[in-house]
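J.: Residue numbers (the numbering used here), protein chains in the order written: chain A, 1 to 480; chain B, 481 to 960; chain C, 961 to 1440. Okay, handing you the structure first.
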Amino acid sequence: MARRLELHPDRLFPADPTTRRIARDLYSGVADAPIVSPHGHTDAGWFAGNQPWTDATSLLLAPDHYLYRMLYSQGIALDALAIPDKGGVPATDPRAAWALFAANYHLFRGTPSRLWLDHVFAEVFGFDVALEPSSADLYFDTIAEKLATDAFRPRALFDRFRIDFLATTEGAQDDLGAHHRIRESGWNGRVVTTYRPDGVVDVEHEAFVPAMTRFAELTGEDVYDWRGYLAAHRKRRADFRAAGATATDHGHPTAATANLSTAECETLFAKVTRGDWTPADAELFRAQMLTEMAGMSAEDGMVMQIHPGSFRNHNAGLFASHGRDKGADIPTRTDYVHALKPLLDRHGNSTDLSIILFTLDESTYARELAPLAGHYPCLKLGPSWWFHDSPEGMRRFREATTETAGFYNTVGFNDDTRAFLSIPARHDVARRVDCGFLAQLVVEHRIADWEAADLAHELTSGLVRRAYRIDQPSPLAAAA
Amino acid sequence: MARRLELHPDRLFPADPTTRRIARDLYSGVADAPIVSPHGHTDAGWFAGNQPWTDATSLLLAPDHYLYRMLYSQGIALDALAIPDKGGVPATDPRAAWALFAANYHLFRGTPSRLWLDHVFAEVFGFDVALEPSSADLYFDTIAEKLATDAFRPRALFDRFRIDFLATTEGAQDDLGAHHRIRESGWNGRVVTTYRPDGVVDVEHEAFVPAMTRFAELTGEDVYDWRGYLAAHRKRRADFRAAGATATDHGHPTAATANLSTAECETLFAKVTRGDWTPADAELFRAQMLTEMAGMSAEDGMVMQIHPGSFRNHNAGLFASHGRDKGADIPTRTDYVHALKPLLDRHGNSTDLSIILFTLDESTYARELAPLAGHYPCLKLGPSWWFHDSPEGMRRFREATTETAGFYNTVGFNDDTRAFLSIPARHDVARRVDCGFLAQLVVEHRIADWEAADLAHELTSGLVRRAYRIDQPSPLAAAA
Amino acid sequence: MARRLELHPDRLFPADPTTRRIARDLYSGVADAPIVSPHGHTDAGWFAGNQPWTDATSLLLAPDHYLYRMLYSQGIALDALAIPDKGGVPATDPRAAWALFAANYHLFRGTPSRLWLDHVFAEVFGFDVALEPSSADLYFDTIAEKLATDAFRPRALFDRFRIDFLATTEGAQDDLGAHHRIRESGWNGRVVTTYRPDGVVDVEHEAFVPAMTRFAELTGEDVYDWRGYLAAHRKRRADFRAAGATATDHGHPTAATANLSTAECETLFAKVTRGDWTPADAELFRAQMLTEMAGMSAEDGMVMQIHPGSFRNHNAGLFASHGRDKGADIPTRTDYVHALKPLLDRHGNSTDLSIILFTLDESTYARELAPLAGHYPCLKLGPSWWFHDSPEGMRRFREATTETAGFYNTVGFNDDTRAFLSIPARHDVARRVDCGFLAQLVVEHRIADWEAADLAHELTSGLVRRAYRIDQPSPLAAAA
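This is the structure:
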C-alpha cells in the first residue's frame, strides 16, 4: 500500500520556532493573493481552444525537461518516457512511461520538481497517497478521469488558480493567432503575449531563414534591409502590444551588447543576413540588437527582459536525434559589467527604459548584478532563474542581492514554466521562501515586523505589477 | 505620528536561542572595546580644524554614495539630493533633499546602510522615532542643533566613539598638511595617514600629469626618470611614516603584478610617462609598481593593502556630468592566482613583508584567497569589503575563508568609510556578526567556549593591531 | 594543566533542537557503517609490510600538507617542523617539531584539520586532554608507546577502523609491487589500486621522461609510437584491474578535453614526445588523453575520475628548495561546460561509461556541474574536494548541487587522504554533515523522515559502492 501524501502547512519555513511563527504569519497574509505570472511558456492555444488534456504522461511528463533530464541522467532512455524525437512521439504506451516515472520518483528527492509535483498531485488532483510503483496506475487513471471533466479544462483551471495575469512568449514570426482567438472568444482571462525576437536576431539558429521569411510576410517590410528590418521590429512590437504584451524577452548566449554606428550596423547586417558570417559576427549582431531593442523599449515602453548565459543543446548526439529543448541546456559563466556597458552608455540613465536582468551564474548576484541594479535607474533584477528557481536558489538570491540592491530593485516572482498545472505550486514555493527570508530579518531585528508584512505584499504583488507595467493603460485597454 | 526607533540589544544574533545566548555572551566581552580603524576615508581636515558640521544633508547624505546610488537607481535625480556635479553643489534646499531621502528610506530595508543609519540616529543623535516623512523636519532640525554644540565637533565625537587608532588615506601628491596640523595642535587622538600612490601610478587617471608635477615638487626628484621616480616614492613613504602611517594602499582595476627587469622597467616607464601608451602598457605598469611597492614594504615595514577589482566610473553619462565617485563603481571578476604570481615569485617567502588582500569577487574567497593566505607567509586576508561589508557579506566571508585560512590569517575589521559618524555602527555590526559566527561554531562543538571568547578578542583587537603593526615602534614614536 | 579533550556526541549537528534530534537519529543509523574509501593516497606499502610507525611528528605532522601549510603561512620555517626538503629530512628533533606544532595548535581553530586531529587524538589514541604546550610531551611519548604495539600496526588499525574497501593511487609507471605483496600475504583487507596515468600524460611534469622509460619497460610496448603508447595504457589498465582497481584518476590543470582525429593525434604525440612542444601543445595532449581514457573506460568498465583545477607548486622558491606537494597548490577558476564538450560529443551518451567530476571551484557546483550531471548519463559528481572537504564545504556542496542533480548523481564520500589515521574522522564528519543536511530537509518538510533515513544509507554506502562499481565481479575476484 502506498504511503500517504500530505503537504505540511509549515513546509519550507525555517526550523527555528520563533522564525517559523513569523514566517507563517507573513505567509498567511499573501498565501491567497492572486497570481501574477509575467514571464512563462504556457501554450496560448490551450486558452484559445480550451480543449481538455488527456493523460498524465503527455500533460505532466513529456513536456517537462526538468523531469526527463533527471531520468535520462540515470540512464533511462527518452523513448521509454514517450519523449518525442525528430521522428515524432515514439510508440511508447503512456501508462508504461508513467509507471517508469513512478518507479524512479525517488530520484527527485531534494529537488524543486518534487515539491511542485507533490503540490500538483495533492492540490490540483486531490491525491492523498504518494506516487510510487504501487500507486502509478491509480495516478494514471485518476488523472485521466479528472482531465476529461470540464473542471480541468484550461480556462477552468486558470480561474481556479486565481491567475490575474499570465504572459506567454511568442516569436517575432508568430501571427499571435491564439491570442487573437482568446480575445475574440470573449473570455476575460488576462493572457497576454511577450515579444521574443530571438528567432530573427540569432543568425546561428537553424531556423533563422524561414523565421525571416515569415517576419517579412507579417510586416510587409524589406527585412533584408537594415532600415526595413528595424521597421519590421517596430511593427511587430506594436502588434504584440495590441495583443496585451507589456514586455519583450531576449535569450542570448551571453549578455554582450554593442553600440555601433548606423554605417557599421548596415555593414554587419548585410554580412550576417547573406550568410557570410563568423561566430563573432553573429555574436556582435545579437549584441547590437540588444541595444536596438533597448532603444525601442525606451520609445514604446515595453519592459525588456534579458536572459543570457545558457549553452543551448550542449549534447550533440541528443540534438541530432531529438532536436532542441531536451534538457541539455547548460549554464555558463556570464559577464555583465563589461557586456552591458555599450547599451548602458547609450541608454543607461533613461528613466523610461526598464530592463530586467536574469542570470544562471549566481556568482554575479552580489558581484555584478546587485551593484548594477543598485545604481542604474533602468536596471532591475529578475528573480532566481531556471536551475535556481528553487528553495535554496531563491534563498541565495535574496541573501546575495538584498544588501546591495535592496528589495525594490527586484521584480517579484516569475514561474517561467510550460507546466501550467504547476504554476500555483511554484508561486507558493516562492511566497514561502520569501516569507522565511523576511522572518529571518525580523528575528535578527534587521527590519520591523510591519515592514516585513509590507515587503511580503510587495514581493508577491506590488513589485511585479509595477516592474512589468501591467496596470499601466495599454493599447489594448485604450482600444477596448 | 512617526513610529518608534529602537535598537534591539540582540540585533544580528542568530535566531536559535542557545546560539543567541552564546553570541550575546561573546559580544558582551567585546562590545565596549576601543575602536581600531586601520583603513578608511575620513577627512583628516576634520580633526585638524575641529570645525562643526552644519546639517544632516551635507554631513550624512551628500557624501555617502551608498545612499544616493540606491536613490538614483530608483529614478531620483542627484540634483534633488544636493549631490555636487562638476559645476559644484546644486542649488537644492538641504531640508528638501533630506525630506526626499526620508520619503524613500524604505528603499534601504534589508541593507547595511539602514543598520548603520539607525545606529547613528539612535546612538549618536538620540532619536527615538524612526526616520519617515512625518519626522523628516524633526530630524533635520535636531541634527542641526546638535551639530552646533561642542559635543558634536569632530574631536569630541572621536573621543566619545572611543577610537584608539584611525587611519585616513592620502595620495602620494598630498602634502599631509592636515596631519601635520593635527600633530602641531597637541591633540592626542591617534589619526594617521596611509600611503596611496595610485594617482602617480595609474597613467589612465585623468589627473595623472598634475599629480606627477606635485609629486616632483614635494620630493625634489626627477620623477620622469625611473630611478628618480622610485626615489620619490621612497621619500614620500618616509614622509608618510613620519606622519604615523603604518600602511600603504593600492586600488587597481585588477590584481595583476609583474616582475620585469630594470631595463624593461625603464623602457615601460619612459613609454607610459611620455603619454604614448596602450591600455595594456598602463596595466603592465600598474602591475610592475605593485611589485616595486612590495619590495619597498619589505624594506621599510609598511603593510601593503591591495584593493583590486572595481570597474570605476562605469556610468559614462554620469562621469561626464558629475565626475568620479558617484556610486557607479561596479565590481568585476578578479583573478589572484595568476595575477599575484610575479610578485610572489619575487617576495612571497619574505617574513618581513605583509600584504593584505581584499576582493569584491566573493567567488575567490574559498577558491583563491584562503588557499593563498593559508600558505604564503606574506599574505593575509582583509575583511569583506565595500558591497560585502554587511551582515550576509561578513558571514559569507567567515564561512568561506575560515576552514582553509583559519582566523589568524585575517586582520579584523575595516570600516573603510568616509561617513565618520557611522564608524561605531559599522564596528558594532562586525562584532555582532563575528560573535554570531563564533557562537555557531561553539554550539556545533567545533570550538570550545573559551576559544570563542579568545577569538572574539582577537577579531576585535588583537589581529588588527598586529596585522597593521600599530603597536610597533614607529618613526613618529621614536621622534617623540 | 592541560584542558580536557572531549568529542561531543552532537558535534556538527544543526543548532535548532528539533533539527538536531532528527540529525542525531539519522546519524545513529549510519555511524557504525563500514568505511568505503574509493579514492585516497595512503601508502600501499604500509599494508604490504605492516611495519609499525614510529612517532607523532613523522606520522601525523610531516606528511600532512594541510598542517604545515598553515604553520608556514604564519612564518614558521618548514625545517623547524621536520619537513623534508630536496636534501632529505632536516636534522630537526621530532619532539621539538611536535612541541612547535602544539604551541601553534590554536591556528587550526575553525578548520577541518582541527576536527580530524582531535578525533584521532581522542578516538585512536585515547587522549582526554587537549593538545597544547603543556601536553606536547605527553602526546609525543604516548603516541610513540602506542605505535610500538601490535594494535597500532597498519593492518590492525585497518580492521579496527572497519574499513571495507580502500583504494590507493599509483602511477602508470608503478609496478604495483606493494599491492602484489598484499595479495600474496594472504591478508584479507581489501586494499586496491587506482590507475593514475598523469606521469606519462603530462609532458610538463619534470619526471615525464623517466616515467615513460619505466612505462615502456613495464609494458614492452614502443611507447613513443602513438599506437604503442595507447596499447601500453591498455596493458597497464589491465594490470591495475588485476590488482583490484575499479577506477582511474586524472589530475589535470584544467578540465580541457579534445576530440582529434587519429592523424592529428599522431602528429601531436610526435611533437610532445620529442620535447618540441609549447604549453598549448602540452595542454592539448592532456585534453586528448582524457578523451582516450574515456574511450578505454567505456571498453573496460573502469570508472574515470577527473580532478582538475589545481595550480600545482605555485610557490617558485619553495618548489626550488623543497620540490612538489608542499602545500603550495592553489585552486583556479575552472570551466567544465566548454572544456568537457569534445569528450562528451564522443562518449557523453554512453551508459557504460562513468565519469566522476571533481572541482576546486565551487562557483561551478550549481552553474555547471549539477546541470551537467543532471543530464548526461555518463557524468556523476564527486564529493566536495580538498579545501572544500570540510563542514562548510560539504554543506555548500549539498545546497548547491542537490536541487539540480539530486542525490543520486552524487557518489558518497571520498577521504582523499594520505593521513591514514584520520580516515575514520573524515568519514565521521561527512556522515554528520550529511545527516544534518537531510535533517534540515525533513524539518522543512521537503522530504519525509523515512526518505531521509534511506538517503543517509545511500550517502554512506549505497552510492559509493555502485558509483565505484566495487561490488561488480572484478578480474581479481574472477581469478580467485
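A virtual CB, placed ideally from N, CA and C, is assigned to each residue, including glycine.
(1) Tell me where the beta strand (DSSP E) around A:A167 begins and ends.
(2) Specify, as a first and last residue, the run of the alpha helix (DSSP H) that A:V209 falls within.
(3) Chain C beta carbons: is any one of them nearer than 9 Å to that of A:E132?
(4) Determine, using beta-carbon pairs with one atom in the region 802-819 of chain B and one in the region 1290-1300 of chain C, whether at least three such pairs fall under 8 Å.
(5) Which same chain residues, not among the five before or five after B:L646, have their C-beta less than 6 Å away from its C-beta?
(6) Under 9 Å, CB to CB, which of the residues in the region 14-44 of chain A have a partner in chain C?
(7) Using the beta-carbon count (16 or more within 10 Å), is A:A478 buried or exposed?
(8) Decide if C:V1160 is buried, meaning its Cβ has at least 16 other Cβ atoms within 10 Å, or exposed.
(9) Along the alpha helix (DSSP H) that carries C:D1039, what are the first and last residues, could you check?
(10) Checking 9 Å against the spacing of the C-beta atoms, do C:G1149 and C:I1142 come in under that value?
(11) Taking buried to mean at least 16 other C-beta atoms within 10 Å of its own C-beta, is A:T54 buried or exposed?
(12) Going by the DSSP bridge assignment, what does B:G568 pair with across the sheet?
(13) For the candidate residues B:R594, B:A571, B:G590, whose alpha-carbon lies nearest to that of B:A582?
(14) Please check the pair C:A1004 and C:T1128, which I expect to be a contact at CB under 8 Å, by giving their CB distance rounded to whole angstroms.
(15) Taking C:A1051 as the reference, which of C:L1381, C:L1060, C:A1040, C:L1401 has the closest Cα?
(16) Could you name each continuous beta strand (DSSP E) segment of 3 residues or more that falls completely within the region 584-657 of chain B, going from the start of the chain to the end?
(17) Would you say C:Y1032 lies against chain B (beta-carbon separation less than 9 Å)?
(18) Could you have a look at C:L1423 and say whether DSSP puts it in helix, strand or coil?
(19) Would you say A:Y376 faces chain B, with C-beta separation under 9 Å as the test?
(20) If the cut is a Cβ gap below 9 Å, which residues of chain B does A:A337 touch?
(21) Which residue comes first and which comes last in the beta strand (DSSP E) that contains B:L837?
(22) Between C:G1342 and chain B, is there a C-beta pair that is closer than 9 Å?
(23) Would you call the region 979-986 of chain C and the region 1101-1114 of chain C touching, i.e. three or more CB-CB distances under 8 Å?
(24) State yes or no: is the beta carbon of A:A478 nearer than 9 Å to at least one beta carbon in chain B?
(25) Look at C:H1139 and C:A1008 and say whether their C-beta atoms are less than 9 Å apart.
(26) Answer with yes or no whether the minimum CB distance from A:P391 to chain C is below 9 Å.
(27) Which residue from A:L459, A:A430, A:G462, A:D454 puts its Cα closest to that of A:F13?
(28) For C:T1233, which of C:E1259, C:T1217, C:E1164 has the nearest alpha-carbon?
(29) Can at least three beta-carbon pairs, one atom from the region 1210-1225 of chain C and one from the region 1251-1258 of chain C, be found at a separation below 8 Å?
(30) Could you tell me the alpha carbon to alpha carbon distance between A:G393 and C:P1337, rounded to whole angstroms?
(31) Hey, does C:D970 have any beta-carbon neighbour from chain A nearer than 9 Å?
(32) Say yes only if the C-beta of B:I903 is nearer than 8 Å to one or more non-hydrogen atoms of the ligand HEM, and no if none qualify.
(33) What does a CB cutoff of less than 8 Å around A:Q74 pick up in its chain, not counting 5 residues either side in sequence?
(34) Does B:Q920 come within less than 9 Å of chain C when only Cβ atoms are used?
(35) Grab the span of the beta strand (DSSP E) containing C:M1264 for me, first residue to last.
(36) Does the distance from the CB of A:G251 to the CB of A:R162 come in under 9 Å?
T.: According to the structure data:
(1) Translated into the one-based positions of the first sequence, residue 167 of chain A becomes position 167. Taken as a continuous stretch (DSSP letters only), the beta strand (DSSP E) holding A:A167 covers 163-167.
(2) On the first sequence, residue 209 of chain A is found 209 positions in, with the first residue counted as 1. Counting along the chain, the alpha helix (DSSP H) containing A:V209 begins and ends at 208-219.
(3) Here residue 132 of chain A is taken as the residue at index 132 of the first sequence, counted from 1. Chain C, which has no Cβ nearer than 9 Å to the Cβ of A:E132, makes this no.
(4) yes
(5) By one-based count along the second sequence, residue 646 of chain B stands at place 166. Excluding sequence neighbours, B:L646 sits near S517, V671.
(6) P14, A15, D16, P17
(7) If you number the first sequence from 1, residue 478 of chain A lands on position 478. In this predicted model, A:A478 has a pLDDT of only 44, less than 50, meaning its place in the structure is not dependable enough to derive any value.
(8) Position 200 of the third sequence, counted from the start, is the residue given in the question as residue 1160 of chain C. Result: buried.
(9) Within the third sequence, numbered from 1, the residue matching residue 1039 of chain C stands at position 79. First-last for C:D1039: undefined, no H or E at that position.
(10) Here residue 1149 of chain C refers to the residue found at position 189 when the third sequence is read from its first residue. Here residue 1142 of chain C refers to the residue found at position 182 when the third sequence is read from its first residue. Contact: yes.
(11) On the first sequence, position 54 is the one that residue 54 of chain A refers to. Answer is exposed; the Cβ neighbour count stays below 16.
(12) Looking up residue 568 of chain B in the second sequence gives position 88. DSSP lists B:D565 as partners of B:G568.
(13) Numbered from 1 along the second sequence, position 102 holds the residue referred to as residue 582 of chain B. Of the listed residues, the one whose Cα sits closest to B:A582 is B:R594.
(14) Translated into positions along the third sequence, residue 1004 of chain C becomes position 44. Translated into positions along the third sequence, residue 1128 of chain C becomes position 168. Contact flag correct, Cβ pair sits at about 5 Å.
(15) Position 91 of the third sequence, counted from the first residue, corresponds to residue 1051 of chain C. Looking at the Cα atoms, C:A1040 is the closest of the given residues.
(16) 643-647
(17) Mapped onto the third sequence, residue 1032 of chain C falls at position 72. Yes, C:Y1032 lies at the interface with chain B (some Cβ there is under 9 Å from its Cβ).
(18) Taking the third sequence and counting its residues from 1, one reaches residue 1423 of chain C at position 463. C:L1423 falls in the helix class under three-state DSSP.
(19) Counting from one through the first sequence, the residue named residue 376 of chain A turns up at place 376. So, interface residue.
(20) For this step, residue 337 of chain A is matched to residue 337 along the first sequence. The displayed chain sequence assigns Val, not Ala, to residue 337 of chain A. Those within 9 Å of A:V337 in chain B are F791, H794, I810, P811, T812, R813.
(21) Walking along the second sequence from the start, residue 837 of chain B turns up at place 357. Run containing B:L837: 835-837, per the beta strand (DSSP E) assignment.
(22) Here residue 1342 of chain C corresponds to residue number 382 of the third sequence, with the count starting at 1. No, because no Cβ of chain B sits closer than 9 Å to the Cβ of C:G1342.
(23) no
(24) Position 478 of the first sequence, counted from the first residue, corresponds to residue 478 of chain A. With a pLDDT of 44 at A:A478, under the threshold of 50, the modelled position of that residue is not reliable, and no figure is offered here.
(25) Working through the third sequence from its first residue, we reach residue 1139 of chain C at position 179. Working through the third sequence from its first residue, we reach residue 1008 of chain C at position 48. In contact: C:H1139 and C:A1008 (Cβ atoms closer than 9 Å).
(26) As a first step, residue 391 of chain A is located in the first sequence; it is residue number 391 there, counting from the start. Yes, A:P391 lies at the interface with chain C (some Cβ there is under 9 Å from its Cβ).
(27) The sequence position of residue 13 of chain A within the first sequence is 13, counting from 1. Looking at the Cα atoms, A:A430 is the closest of the given residues.
(28) Within the third sequence, the letter at position 273 stands for residue 1233 of chain C. Checking every option, the nearest Cα to that of C:T1233 belongs to C:E1164.
(29) yes
(30) Working through the first sequence from its first residue, we reach residue 393 of chain A at position 393. Working through the third sequence from its first residue, we reach residue 1337 of chain C at position 377. Near 24 Å, if we compare the C-alpha coordinates of C:P1337 and A:G393.
(31) If you number the third sequence from 1, residue 970 of chain C lands on position 10. Not one chain A Cβ lies under 9 Å of C:D970.
(32) Only the bare structure without any ligand can be found here, which leaves the ligand HEM out of the picture.
(33) Position 74 of the first sequence holds residue 74 of chain A. These residues qualify, in order along the chain: N104, L107.
(34) Indexing the second sequence from 1 puts residue 920 of chain B at position 440. Yes, B:Q920 counts as interfacial toward chain C.
(35) Along the third sequence, one-based indexing puts residue 1264 of chain C at 304. C:M1264 -> beta strand (DSSP E) spans 1263-1266.
(36) The sequence position of residue 251 of chain A within the first sequence is 251, counting from 1. The sequence position of residue 162 of chain A within the first sequence is 162, counting from 1. Their beta carbons are not under 9 Å apart, which means A:G251 does not touch A:R162 by this criterion.
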